[in-house]
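These protein sequence lines map, in sequence, to chains U and B.
Residues in the first sequence are numbered from 25 upward in steps of one, following the working numbering.
Residues in the second sequence are numbered from 216 upward in steps of one, following the working numbering.
Note that the Cβ used here is the ideal one computed from N, Cα and C, for glycine as well.
The structure displayed is predicted, hence computed values, not measured ones.
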Amino acid sequence: MKLIRKINSQFLFVSLGMLIFVGVSLAIVLHRVIDDQIEDKMEYTYQNIKKKLNNNSPVNTLTPFVEIHIIPPAPDTLFLSESTVFNTIEEENEPFKQLNATTTIHHNTYRIVIRESKLETDDFFESIISIVLLAILLMIVALYFTNRKISQSVLSVFYHNLDKVKAFSLQKGQALNLSTSDITEFNELNTVLVSLTNKVISDYHTLKQFSEDAAHELQTPLAIIRTKLEALLNASDIPSSHLEKIQSVYATTHRLTRLNKDLLLLSKIENNQFEPKEVISLVPFIEKKVEEWHEMIALHQITLSTRLETPLTVKMHPNLAEILVSNVLSNAIRHNLPQGQITISINGNTLSISNSGEHPIENPDAIFNRFHKENPSQKSIGLGLAIVKKISETHQIQVNYSFEERRHIFTFQFPL
Amino acid sequence: MKLLLIEDEPDLLLEIKNYLIVERFLCETATNYADADQKLAIYHYDIAVVDLTLPGGSGLKLIETLKKQHKNTGVIIISAKNSLADKLKGLDLGADDYLTKPFHLAELNSRIKAILRRRKYEGQNEIIHHEILISLDSGSVKVYNQLVTLTKKEHELLLFFIGNKNRLLTKESIVEHLWGDHIDMADNFDFIYTHINNLRKKLMKAGGNDYLKTIYGMGYKFTDI
Chain U
25 MKLIRKINSQ FLFVSLGMLI FVGVSLAIVL HRVIDDQIED KMEYTYQNIK KKLNNNSPVN
85 TLTPFVEIHI IPPAPDTLFL SESTVFNTIE EENEPFKQLN ATTTIHHNTY RIVIRESKLE
145 TDDFFESIIS IVLLAILLMI VALYFTNRKI SQSVLSVFYH NLDKVKAFSL QKGQALNLST
205 SDITEFNELN TVLVSLTNKV ISDYHTLKQF SEDAAHELQT PLAIIRTKLE ALLNASDIPS
265 SHLEKIQSVY ATTHRLTRLN KDLLLLSKIE NNQFEPKEVI SLVPFIEKKV EEWHEMIALH
325 QITLSTRLET PLTVKMHPNL AEILVSNVLS NAIRHNLPQG QITISINGNT LSISNSGEHP
385 IENPDAIFNR FHKENPSQKS IGLGLAIVKK ISETHQIQVN YSFEERRHIF TFQFPL
Chain B
216 MKLLLIEDEP DLLLEIKNYL IVERFLCETA TNYADADQKL AIYHYDIAVV DLTLPGGSGL
276 KLIETLKKQH KNTGVIIISA KNSLADKLKG LDLGADDYLT KPFHLAELNS RIKAILRRRK
336 YEGQNEIIHH EILISLDSGS VKVYNQLVTL TKKEHELLLF FIGNKNRLLT KESIVEHLWG
396 DHIDMADNFD FIYTHINNLR KKLMKAGGND YLKTIYGMGY KFTDI
């Protein structure tokens with residue numbers, strides 16, 4: 025629910041209650057006042073009649089308003105009651121208030137009935153209810169228009185800023201630039217958001233810088249370890265049982281080196297260090313990699329077919345283009361079936377590289393994650409496709425994996 | 216051949232030096248900027264191996280000074296920073312090659328030799344190993360004067376082996392030499408075996424000796440017999 029509707033519905037709810045309360049109180053109070061007045065008026069008429077009877081003046085009666093009958097002697101009484109009288113003109117029963125009195129004047133006992141119509145008080149209530157309802161209606165209409173007005177004027181800055189916050193991206197590294205408004209709360213929110221995002225940006229940079237620095241700092245120790253191990257492997261006086269262990273350490277160091285290089289590459293791509301971008305055609309890169317690995321492809325008895333007739337140009341650093349093609353192709357070779365197939369084709373602005381496979385991979389969503397290995401026993405580093413993903417992200421390339429007709433398919437949709 | 220190794224890590228410096236001394240290079244060392252600057256100004260070196268981050272200054276500055284003196288010294292940068300900007304700047308300043316740490320010593324050796332070949336052996340551009348003769352101009356390989364047709368990779372492999380004679384070349388260093396840094400095939404060495412086997416067969420078919428020794432589980436050695 026929108027903030028303004030929430031506030032207004034609360035407001036409406038309270039106002040409705042208040043209006044009803046006011047209406048009811050008004051009705052009760054006015055009812056009392058009118059009743060009192062009617063009673064006073066009937067009392068006054070009764071006193072007048074009594075005075076006239078005392079003076080033996082003639083008394084006018086008017087049914088049903090004033091009726092005077094002479095009755096057998098009875099004690100004096102005076103009480104009020106309600107009654108209905110049939111209105112012959114409008115042909116309906118109408119409510120009346122009536123004063124019943126029995127009084128004895130000059131040895132005659134009179135029964136005097138004075139009636140006053142209550143009809144006008146009922147009309148009165150109806151009017152009050154109508155007015156209250158009208159007020160409610162007016163209020164709803166007024167609220168509707170005020171909402172629109174507030175949304176447009178007061179909240180427009182808020183929505184505008186909200187869009188900016190939504191568009192905020194750490195990768196771009198641009199600080200938030202929010203518009204100020206005359207609403208204190210919004211300005212406070214802006215201040216908090218700006219300082220929060222600035223902190224996040226700075227932390228992110230520090231972290232990125234740290235991972236790059238850490239990877240760099242590891243290079244020299246790795247170089248020392250590796251050269252020492254190579255020297256040991258070349259030494260003639262090492263027993264073979266030790267050589268095996270040295271070889272194992274050497275292989276592990278090699279893995280560590282590759283891992284470090286891949287991590288460094290990832291952070292370099294993230295830090296946009298592959299500049300400048302050039303408009304290049306992908307086809308030569310694909311052809312070069314296919315040529316480089318044709319022995320490897322032949323070794324696995326893989327049939328490779330290419331459909332690269334249409335040129336596909338892309339704006340990126342040549343090194344990254346090479347890495348992208350290289351990683352996807354090596355992936356297709358390694359995860360292929362014996363005597364499988366690889367197809368590389370370009371269609372419009374889409375490059376697709378597919379290879380034979382027995383089953384769809386279990387976790388297609390995780391395939392581009394860092395260190396994800398579909399098969400944990402594999403010796404690969406698990407960063408190849410993460411690098412592919414990162415390159416794609418930084419170049420607005422839509423990358424997609426699917427499994428169709430016993431083939432793993434990677435498609436890359438390049439921006440036009 | 217006289218080399219100056221400029222590297223601030225003594226451990227690394229020592230191993231590089233040990234490796235290159237065997238190749239009959241005359242190696243001098245410098246571990247800081249001032250020392251290197253002084254040596255480069257006084258003596259003449261055929262090759263300088265320059266680390267970029269040095270105590271007291273940048274290796275790039277050394278290269279700049281060196282190139283201003285118009286000395287015909289080949290320069291290889293070795294850096295822990297795999298930075299494209301540094302690489303481009305270094306090559307712009309006149310460096311011949313750029314190697315990122317950690318590298319294989321065999322790789323460094325083979326790159327140094329490639330630079331020397333480019334600089335010195337103009338005219339007599341040949342590498343001879345007993346009956347094997349590699350012409351660097353035409354790229355042809357002859358065994359007992361009989362032409363042997365090698366693929367590009369086999370050719371590179373042969374050069375790498377001959378440049379690092381009598382050394383154990385690990386599978387890892389061979390893969391990186393042939394396919395570069397970013398190849399994610401390190402776990403699969405079968406295909407080097409295929410290459411090496413093909414190379415061996417071709418050389419032996421032409422009557423050559425079998426110089427290639429397999430060091431089980433580790434790699435290969437190109438022996439002098």
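When the options are compared against residue i, the one with the closest alpha-carbon
i: E302(U); options: F210(U), H341(U), F45(U), A255(U); result: H341(U)
i: L331(B); options: F240(B), I440(B), M433(B), Y426(B); result: F240(B)
i: T101(U); options: Y70(U), N117(U), T112(U); result: Y70(U)
i: P317(B); options: Q233(U), V165(U), Y274(U); result: Y274(U)
i: A390(U); options: H419(U), Y425(U), F192(U); result: Y425(U)
i: I347(B); options: K420(B), A245(B), P270(B); result: K420(B)
i: V216(U); options: K397(U), N201(U), Y228(U); result: N201(U)
i: S157(B); options: F375(B), N413(B), N247(B); result: Since the first residue shown for chain B is 216 and the last is 440, residue 157(B) is missing from the structure and cannot be characterised.
i: Q284(B); options: A300(B), S298(B), Y260(B); result: Y260(B)
i: V358(B); options: K367(B), L414(B), Q253(B), L235(B); result: L414(B)
i: E140(U); options: L179(U), P119(U), I153(U); result: P119(U)
Exposure of residue i, with buried meaning 16 or more beta-carbon neighbours within 10 Å
i: G41(U); result: exposed
i: G372(U); result: exposed
i: V338(U); result: buried
i: G338(B); result: Per-residue confidence for G338(B) stands at a pLDDT of 49, beneath the threshold of 50, marking its modelled position as unreliable; no derived number is given.
i: R56(U); result: exposed
i: L231(U); result: exposed
i: R282(U); result: buried
i: T288(B); result: buried
i: H214(B); result: Outside the modelled stretch of chain B, which goes from 216 to 440, sits residue 214(B), for which no answer is possible.
Minimum Cβ-Cβ distance from residue i to chain U less than 9 Å
i: G432(B); result: yes
i: D483(B); result: Absent from the structure is residue 483(B), since the part of chain B shown begins at 216 and ends at 440.
i: F406(B); result: yes
i: P317(B); result: yes
i: Y488(B); result: The shown model of chain B, from 216 to 440, leaves out residue 488(B), and the question about it has no answer.
i: L383(B); result: yes
i: N233(B); result: yes
i: N247(B); result: no
i: T429(B); result: no
i: E387(B); result: yes
i: A329(B); result: no
i: G338(B); result: Caution is warranted here: a pLDDT of 49 is assigned to G338(B), below 50, making its placement in the model unreliable, and the coordinate value is therefore given only provisionally. Cβ-Cβ to chain U under 9 Å: no for G338(B).
i: T409(B); result: yes
i: D446(B); result: A query on residue 446(B) cannot be resolved here, the shown segment of chain B reaching from 216 to 440 and no further.
Min CB distance residue i to chain B below 9 Å
i: N258(U); result: yes
i: M320(U); result: yes
i: I293(U); result: no
i: K252(U); result: yes
i: N32(U); result: no
i: H383(U); result: no
i: A275(U); result: yes
i: H419(U); result: no
i: T337(U); result: no
i: K196(U); result: no
i: F298(U); result: yes
Residues near residue i in its chain [Cβ-Cβ closer than 7 Å; skip 5 each side]
i: D266(B); result: I221, E222, D223, G274, I293, S294
i: L308(B); result: L275, I278, E279, K282
i: P335(U); result: S305, V307
i: L348(U); result: V412, I415
i: N360(U); result: H324, I326, I366, N379, S380
i: A401(B); result: With a pLDDT of only 49 at A401(B), under 50, the local geometry of the prediction cannot be trusted, and the value read off the model is given with reservation. Result list for A401(B): E387, V390, in chain order.
i: N32(U); result: L167, N171
i: N222(U); result: A199
i: V83(U); result: I73, K76, L77, I92
i: L440(U); result: N373
i: R368(B); result: The amino acid occupying residue 368(B) in the given sequence is Lys; Arg does not appear at that position. Result list for K368(B): L393, H410, in chain order.
Contacting residues, own chain, Cβ-Cβ under 8 Å from residue i (five flanking each side not counted)
i: V314(U); result: I321, L328, T330, L353, I368
i: N284(U); result: A239, L242, Q243, L246
Distance CB(residue i)-CB(residue j) smaller than 9 Å
i: I326(U); j: Q271(U); result: no
i: I62(U); j: K121(U); result: yes
i: T364(B); j: E319(U); result: no
i: S404(U); j: R358(U); result: yes
i: I136(U); j: T127(U); result: yes
i: L269(B); j: T251(U); result: no
i: L384(B); j: G434(B); result: yes
Near the ligand HEM: residue i beta-carbon under 8 Å from a heavy atom
i: A356(U); result: Among the ligands in the structure shown, none appear at all, so the ligand HEM cannot be discussed.
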